[in-house]
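Here is the structure we will look at.
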Amino acid sequence: MYSVNYHRAASVTDAAKLVKTGDAKLLSGGMTLIPAMKTRLAAPSDLVDLSRIKELQGVKVSGKTVTIGAATTHYDVARDEKLKKACPALAHLASLIGDPAVRHRGTIGGSIANNDPAADYPAALLALGATIVTNKRQIAADKFFKGLFETSLKDGEIVTAITFSAPAKAAYEKFRNPASRYAIVGVFVAKGKDGVSVAVTGAGDDGVFRSKEIEAALAKNFAAAALDGVKVPAKNLMTDIHASADYRANLIAVMAKRAVAAANA
Amino acid sequence: MSDVSLMVNGKRVNGTAEDRTLLVHFLRENLGLTGTHVGCDTSQCGTCVVHVDGKAVKSCTMLAVQASGSTIVTIEGLANGADLHPVQAAFKEHHGLQCGFCTPGMIMTATDMINRHPEGLDEATVRAELEGNICRCTGYHNIVKAILAASKTMSKASKGKARQAA
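Going line by line, the protein sequences match chains Z and V. Position 185, counted from 1, in the first sequence is what the numbering used here calls 259; the numbers after and before it change by one each time, with no gaps. Position 13, counted from 1, in the second sequence is what the numbering used here calls 31; the numbers after and before it change by one each time, with no gaps.
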């Protein structure tokens, strides 16, 4: 790791000032940024640590509205009793990220700001029609995720919370790489007042996306059987050492079926 | 350079370290606590697991300065003098190690796991919870056995204490 200057932010306002220092980066759980710095893929001059800012932590549920502070760890999302009632699919998703030690440090805000094409949260936020709240504005999930490791965040803009309306039904199914535990294909299915939405992570050439084919079939009939014979095109899907685009296309339908079955269970 | 102030295994320690110093290096090199190992250095293998404010974390993926102000427990802090911690005793009893390299991380992960599951553990849960720890010798079988046994011992002990308190 190259030399770096560490700053611990006391508040979001403080962090917004500190992040203007040199070529600074925001640090939350550090589960991606620190490994990237160790391999010198990232070399910020300064780090602004958000992880101790109390106002960024915790899950709130008020009626149907769920708000999760950006620095809430995967562990705290997974075990939150209010969230388990309001949207158990999201708590379950958090319990599938990495391993226990990673979940103790990694945060929802860090994960979405990094927007790894195989990360789990982007699929949930896109399917739930979530809003990403920053220190400057509110961004709809479909405007937020821009491509591989790209978001619509401006330099120095800080994600402070994620908010969404709890769906009537939802589930997440993930086909994991057994070594990295990242999704080879992950499908989040949500059925709410605006209909059915289905978002796919791990598979898209350009990151997380919604599957129109699966949404169309499920809009008519929200049942696993509705997906019999539905083909997802392999165009724009990733091919790598783990799986080909065709294999991923098939897996999307399989994971979507499992997710619908779980959502209806 | 930054000041790093920690409570490690019940003792207050103060030191200075470069901001890029990883917690695991601070523990091993500044404090001489070499029980915590560096295996893969990529947060996969879990041999560097320590408890930071009561939670198992990979100390190769956290800066020492990030941990400043926290309470740390390492493998050296588990035993009570010559009396092994129940998880250490169970690893010995069930032959949960061969070369021993992964053992400090396994034991710190196991202790955290048992603390988070006071209701008890089953084999599937133990295996799922061990996903962040790699062992190249044992095939995990005896590690799982040791953790299940330690979980039983510790739940009996805590029930005993509760009875005494009542």
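Backbone N, C-alpha and C define an ideal beta-carbon position, used for all residues, glycine too. Computed from a prediction, not measured in an experiment: that's the story for all the values here.
Listed in chain order, the positions of the stretch 167–200 of chain Z with a beta carbon within less than 8 Å of a beta carbon of chain V are 172, 173, 174, 175, 176, 178, 179. Bounds of any alpha helix (DSSP H) do not take in residue 133 of chain Z; it lies within the beta strand (DSSP E) bounded by 133–136. Scanning its chain for C-beta atoms nearer than 7 Å, with the 5 sequence neighbours on each side dropped, one finds around residue 83 of chain V the residues 20, 22, 35, 37, in chain order. Judged by DSSP secondary structure, residue 127 of chain Z falls outside any alpha helix (DSSP H); it is assigned neither H nor E. In the three-state reduction of the DSSP assignment, residue 177 of chain Z falls in the helix class, which pools H, G and I.
Residue state for residue 212 of chain Z is assigned as strand, using DSSP reduced to three classes. Residue-level contact check: residue 36 of chain V touches chain Z, since one or more beta carbons of chain Z fall below 9 Å from its beta carbon. Under the Cβ criterion (8 Å, minimum of three pairs), the stretch 226–234 of chain Z does not count as touching the stretch 299–310 of chain Z.
At a beta-carbon threshold of 7 Å, none of the residues of chain Z lie near residue 166 of chain V; the nearest stands roughly 17 Å away. Beta-bridge analysis with DSSP links residue 206 of chain Z to Z:213, Z:236. Look at residue 150 of chain V: its C-beta is under 9 Å from a C-beta on chain Z.
Straight across, the Cα-Cα distance linking residue 241 of chain Z with residue 95 of chain Z is about 41 Å.
Close partners of residue 255 of chain Z in chain V (Cβ separation under 8 Å): 149.
With 16 or more other Cβ atoms from the protein chains shown falling within 10 Å of its own Cβ, residue 40 of chain V counts as buried. Of all alpha-carbon atoms in V:141, V:143, V:90, the one lying nearest the alpha-carbon of residue 26 of chain V is that of V:90. Sorting Z:261, Z:302, Z:296, Z:300 by C-alpha distance to the C-alpha of residue 326 of chain Z places Z:261 at the top. Residue 220 of chain Z: member of the beta strand (DSSP E) spanning 219–221, first to last residue.
Here the stretch 185–197 of chain Z makes contact with the stretch 281–295 of chain Z; the two share three or more CB pairs at distances below 8 Å.
If you check the CB distance, residue 80 of chain Z and residue 123 of chain Z come in under 9 Å. Residue-level contact check: residue 79 of chain V touches chain Z, since one or more beta carbons of chain Z fall below 9 Å from its beta carbon. By the neighbour-count criterion, in which a residue is buried when 16 or more other Cβ atoms sit within 10 angstroms of its Cβ, residue 147 of chain V is buried. Our two residues, residue 98 of chain V and residue 170 of chain V, have alpha carbons roughly 19 Å apart in a direct line. In chain order, 173, 175 make up the part of chain Z whose C-beta sits under 8 Å from the C-beta of residue 64 of chain V.
With fewer than 16 other Cβ atoms from the protein chains shown falling within 10 Å of its own Cβ, residue 315 of chain Z counts as exposed. Against chain V, the beta carbon of residue 123 of chain Z has neighbours under 9 Å at 81, 83, 84, listed in chain order.
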